[in-house]
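Contents: one structure, followed by commentary.
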Amino acid sequence: MKRFIGAAAALALMLPGAAAAQDTIKVGILVATEGAFAAGGADGIRNVELALKQVGNMAGGKKIETVVAPTDTTPATATRMARKLIEQDKVDIILGPLSGSEGIAMRDYSKTVPDKTVINGISGALETTWVDPSPNFFRFNLDGAQWGAGLGDYVVNKKGWKKVATVSADYSFGYTNFLGFAVGFCKAGGELVERLWVPLGSSDFAGVIAKLPDDVDAIYLGVGGTDAINFLNQYQQAGGKAKLIGGSIMADPTVLNSKGKAKDALIGTPTSGWVANDNPAPEWQAYVKAYQEAFPADKRLPSPSLFGVGYYVNALAMIAGLNEVKGDLSDGQKKFHAALSKLKVKTPLGEISLNENRQASGSVFVTEVSANPDGSLSNKMVARVDNVTQTLGMTADAFRAMGLPSRTTPDCKALGGK
Amino acid sequence: MADVLPRSEPGRLIVLERIPPAAWVLGVLLLAMPAFASNFVLYQIFGWSFILGMIALSLMVLAGYGGMVSLIQMTVAALAGYVVAILGTSGVPQISLGWPWWLHIPLAIVIAMLFGTLVGALAVRTEGIYTIMITLAIAAAFFYFTRQNYGIFNGYTGFNNVIPPRWFDIDWRQSVPFYYLTLACATLSYLAVVWIGRTPFGLALQGVRDNPRRMSALGFSVTAHRILAYTFASVIAAFGGILLVWQNAQVVPGTAGIPQVIDILVIAVVGGLRRPIGPFIGAFIYAILSVFSSDILHAIGMSGERFKLVVGLGFLAVVGFSPDGVLGLWDRYQARRETNRDALLGGRR
Chain A
2 MKRFIGAAAA LALMLPGAAA AQDTIKVGIL VATEGAFAAG GADGIRNVEL ALKQVGNMAG
62 GKKIETVVAP TDTTPATATR MARKLIEQDK VDIILGPLSG SEGIAMRDYS KTVPDKTVIN
122 GISGALETTW VDPSPNFFRF NLDGAQWGAG LGDYVVNKKG WKKVATVSAD YSFGYTNFLG
182 FAVGFCKAGG ELVERLWVPL GSSDFAGVIA KLPDDVDAIY LGVGGTDAIN FLNQYQQAGG
242 KAKLIGGSIM ADPTVLNSKG KAKDALIGTP TSGWVANDNP APEWQAYVKA YQEAFPADKR
302 LPSPSLFGVG YYVNALAMIA GLNEVKGDLS DGQKKFHAAL SKLKVKTPLG EISLNENRQA
362 SGSVFVTEVS ANPDGSLSNK MVARVDNVTQ TLGMTADAFR AMGLPSRTTP DCKALGGK
Chain B
38 MADVLPRSEP GRLIVLERIP PAAWVLGVLL LAMPAFASNF VLYQIFGWSF ILGMIALSLM
98 VLAGYGGMVS LIQMTVAALA GYVVAILGTS GVPQISLGWP WWLHIPLAIV IAMLFGTLVG
158 ALAVRTEGIY TIMITLAIAA AFFYFTRQNY GIFNGYTGFN NVIPPRWFDI DWRQSVPFYY
218 LTLACATLSY LAVVWIGRTP FGLALQGVRD NPRRMSALGF SVTAHRILAY TFASVIAAFG
278 GILLVWQNAQ VVPGTAGIPQ VIDILVIAVV GGLRRPIGPF IGAFIYAILS VFSSDILHAI
338 GMSGERFKLV VGLGFLAVVG FSPDGVLGLW DRYQARRETN RDALLGGRR
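This is the structure:
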């Protein structure tokens, strides 16, 4: 009997979803609000709200309605929540997910709902749009490997750091982001002394810190969110003094604005990513201003995080796509899919368009963490690489021959490193 | 335990007569569910409830009949899922062997059963909190091992695209077939547990739970009964694990992460550990809360970020009001309504 009452309750909960009218388009925001990237996820939601607010919640002549589906960065939860969005809340478009392995799960899931559209949030695993890509999965942000472009070359040629040990997150995004750094680093003749891997969501890094070699020029840290803060804390407590190189989520505003002293270890650390706080481009400055004005200071980050920018750019692409087809999602959303594939969308990061795998190409910024007079930290842009493609400027065959990102890929020697 | 005590010579017809009307209603309702429930409710709410219910049921066998709280059940289930992914087909062809279903499914059950038995053999020599600690330690070790091992378990990424075989040319991952598949498995497991509770083995197991020294003096091997209970429970958990992998189409270390391991205990405790139906009730509540908690938060005007808070508060409420779960609430309600019944045991007959 309990079961029946529960089912009745479930059905009752379902009713509002079924009542969606024709002149609204429902968008499900799939975003991690628990786990290591909770702060970034919250910023993602804020940025989708911002993007929609800027167009008065209208796109293609239709009203946009959103539903938030919270996940915990695991692929199983992401798939379950995506199913809920499509089947229960009857959304037309999913905007998300946030984390790398979730993205791969959504690539597979999106193939089972070919008449819907999944537009990525900020997940950055290479495989999502590289291996067996799904025709209705679109990614308007750069993937983790692209984010690493330029950094390797910068640390070898500008900093003169040629011997580097690495500590990276032991999952798809960690491998991908590391690969982007390592390809540039090895091509510039660098030497990867030791590659260490830490599980996502770790709290104890003592073992890894103890294993770090002393005779290196710098240590590459490819972790993010709470993991980054925990690592820095423990690294300082262990007396670590080495120079650091940051992966793309290591010196993100979610880390730079965390509480405590741990983040100070990052001062002077070069990182790369597709966001530079002090990017002088007017469209970026306008975006940051809009972000800061849209939310009270205690309800946002001082400047949008990489996660937030990802959701913002992908939301912009969605809006532009809907405008292009005038909100017409009939016929299994075929027109919408075609429009997205061909879209040239104006974003705070410049114009972005997709390649044949529905993956964006664009600019990557190399930045260095610096301390502001008031003690806060921010990223200062030091170099910029334009038009970074999915294959990092290699031919597709050469890129494929390197192997998929993993603990042992890329082979540094094969790329000209040591 | 009133349900499972032996009664006057149970002939076949008498057994049928003894099925209470509520069970008939529930049975018909569940069979007819696809007529009025949406695909999502069938697949994600009921399918998931039946699967989690089966895994929690295996804990109920150990805790309710055997007095042993084991935290290894989710791990046993995940191991069965891993074996299906490794020996069968998956999206990781470098590792998966692609053996046919009639080979890899029985092997998965057997391997999970052996693993469960082995853990049981280690754990049964301890009591109470030590059993919990030993099983939790093994569960944690399994989680970290699968996350670090790339040769067999494919590390953090695990296995995706693990789908059920096409028996009778049906896609079993469609909502309605999957609903009936899980319903059938859950029902069979339920009946198996009810039945085992009435067999001499089950009765002896309950005797061991209540007074091991006396059972030992009567010539029963306490250890053997307990280990055998683990073996039996592992089989149920293994079936649940295989269904879980098919439902998600993937198995990853997080399938049997520490939170998931604890969740099974929570499900069993919330539902009620004293009768086999309890875990299914707990699983149903868990599934509803997990999926809809963010909607509940939105409905009362809060942001959906803290969705796990609702899940936690829901469970605290149930356990706070009734130490023996939802079943206990129901039993107490019954006992109060008809005061001539045994208020202590609160049996329904």
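Protein chains in written order, with the working numbering: chain A, 2 to 419; chain B, 38 to 386. Idealized CB from N, CA, C, for every residue including glycine.
- Contacts between A77(A) and chain B, judged by CB atoms closer than 8 Å, involve N285, Q287, V289, G291 and T292 in chain order.
- Here P271(A) carries a strand assignment [DSSP, helix/strand/coil].
- Taking 8 Å as the cut-off, the Cβ atoms of S203(A) and D228(A) count as close.
- Nearest to L416(A) by alpha-carbon distance, out of N137(A), T75(A) and D154(A), is D154(A).
- The three-state secondary structure of K54(A), taken from DSSP, is helix.
- In this structure, M91(B) and V272(B) do not form a Cβ contact; the two beta carbons are roughly 10 Å apart against a cut-off of 8 Å.
- A straight line joining the alpha-carbon of D375(A) with that of L257(A) spans about 13 Å.
- Using a 10 angstroms sphere on the CB of P136(A), the tally of other CB atoms stays under 16, which defines it as exposed.
- Under the three-state reduction of DSSP, R301(A) is assigned to coil, being neither helix nor strand.
- In the displayed model, I250(A) falls within coil according to three-state DSSP, outside both helix and strand.
- For D412(A), the closest Cβ of chain B is not nearer than 8 Å.
- Between I30(A) and G97(A), the CB-CB gap stays under 8 Å.
- Excluding sequence positions up to five before and after R311(B), its CB lies within less than 7 Å of the CB of M38, G101, D361 and L364, all in the same chain and listed in chain order.
- Leaving aside the five residues that flank F73(B) on each side, none in its chain has a CB nearer than 8 Å to its CB.
- C-alpha of A40(A) to C-alpha of S330(B): approximately 20 Å in a straight line.
- Relative to Y221(A), the option among R385(A), P406(A), R84(A) and P271(A) whose CA is nearest is P271(A).
- Scanning the region 310–362 of chain B from its first residue to its last, the whole alpha helix (DSSP H) runs of 4-plus residues come out as 314–336 and 344–358.
- Per DSSP, the beta bridge partners of R196(A) are T167(A).
- Taking a C-beta cut-off of 9 Å against chain B, the contacting residues of the region 62–73 of chain A are V68, V69, A70, P71 and D73, listed in chain order.
- Taken through DSSP and simplified to helix, strand or coil, P214(B) comes out as helix.
- Between R184(B) and chain A, the shortest Cβ-Cβ separation is below 8 Å.
- Remark: C-beta atoms of L173(B) and G278(B) do not approach each other more closely than 8 Å.
- With fewer than three CB-CB distances shorter than 8 Å, the region 248–265 of chain B does not count as touching the region 137–153 of chain B.
- No Cβ-Cβ contact shorter than 8 Å links V119(A) with I320(A).
- Nearest CB-CB separation between E103(A) and chain B: not below the 8 Å threshold.
- Within the same chain, L152, V156, W162, V165, F182, A219, I220, Y221, L222, T270, P271 and T272 come within 8 Å of I246(A) by CB-CB distance, once the 5 residues on both sides are set aside.
- Distance from K64(A) to D24(A) at the Cβ level is roughly 6 Å; contact confirmed, criterion being Cβ atoms closer than 8 Å.
- Here A150(A) carries a coil assignment [DSSP, helix/strand/coil].
- Counting of Cβ neighbours within 10 angstroms places L350(B) among the exposed residues, the total staying below 16.
- Between the alpha carbons of P411(A) and C187(A) lies a gap of roughly 9 Å.
- Considering only N142(A), K117(A) and V114(A), the residue with the shortest C-alpha distance to L127(A) is N142(A).
- For I94(A), the secondary structure class from DSSP, reduced to helix, strand or coil, is strand.
- Below the 9 Å Cβ cutoff, chain A contributes R81, R84, K85, E88 and Q89 as neighbours of Q81(B), in chain order.
- Taking a contact to require three or more Cβ pairs closer than 8 Å, the region 289–308 of chain A and the region 355–375 of chain A do not qualify as touching.
- A residue is called buried once 16 or more other Cβ atoms fall within 10 Å of its Cβ, and F205(B), having fewer, is exposed.
- The C-alpha of L366(B) is placed about 8 Å away from the C-alpha of F358(B).
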